[in-house]
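Numbered per the UniProt record's numbering, the sequence shown finishes at 143, counting up by one with no gaps. The C-beta atom is built at its ideal place from N, Cα and C for all residues, glycine as well. Taking it in order: structure first as structure tokens, then the write-up.
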Amino acid sequence: MECKHAWGVATPCYEDALGIREAVFIDEQGIDPEIELDGADEDKMHYVGYVDDQPVTTARIDMLAGNRVKIQRVATVKTARHHGYAGTLIKQIISDAQRSEVRGVELDAQETAIDFYKELGFEPVGTTFQEAGITHQTMRYGA
1 MECKHAWGVA TPCYEDALGI REAVFIDEQG IDPEIELDGA DEDKMHYVGY VDDQPVTTAR
61 IDMLAGNRVK IQRVATVKTA RHHGYAGTLI KQIISDAQRS EVRGVELDAQ ETAIDFYKEL
121 GFEPVGTTFQ EAGITHQTMR YGA
């Protein structure tokens, strides 16, 4: 799998990320488009994983205070799940963050994905919460 990333919304990478997010979050999970398309994409980094030049997985990165990053909007198209693509993308994001001397990596995992993130080295922090009608858990890498 080839990983690409780009800042903002004026890139082919963003267009591919948006297509994946719409298919997974809006079409499959029924999340309100106003929640998913939150207007915050312009100042975020968008990662996309490609297999045979086709976009299959994505994540959005937000820079937080204290030189930390938050991984958001992780999604994989239905036909590409269970092949390790999202895990590969997350590992690339962590590697890029570590090379940039980022102090911490965190995310808010959907409840069904907590074990997946634990396998990648994330640990739960705090209590669960609801977002877009879905139970989430904040997790930190290497916590």
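The Cβ-Cβ distance between Thr88 and Gly49 falls below 8 Å.
Counting only the Cα atoms, Ala113 lies some 11 Å from Thr138.
In the three-state DSSP reduction, Thr88 falls in the helix class (H, G or I).
Within the DSSP secondary-structure output, Pro55 pairs in a beta bridge with Tyr50.
If the five residues before and after Pro124 are omitted, its C-beta is found closer than 6 Å to the C-beta atoms of Gln137, Met139, all from its own chain and listed in chain order. Per DSSP, the unbroken beta strand (DSSP E) holding Glu2 starts and ends at 2–7.
Burial state of Ala17 is buried, judged by a 10 Å Cβ sphere holding 16 or more other Cβ atoms. Sequence-distant Cβ neighbours of Met45 in its own chain, meaning closer than 6 Å and more than five residues away, are His5, Trp7, Ile61.
Note on geometry: alpha-carbon atoms of Ser100 and Phe122 lie some 19 Å from one another. Collapsing the DSSP output to three states places Asp32 in coil. With 16 or more other Cβ atoms from the protein chains shown falling within 10 Å of its own Cβ, Ile90 counts as buried.
Distance from the CA of Thr128 to the CA of Asp52, rounded to the nearest whole angstrom, comes to 37 Å. According to the DSSP assignment, Phe25 belongs to no alpha helix (DSSP H), since it is labelled neither H nor E.
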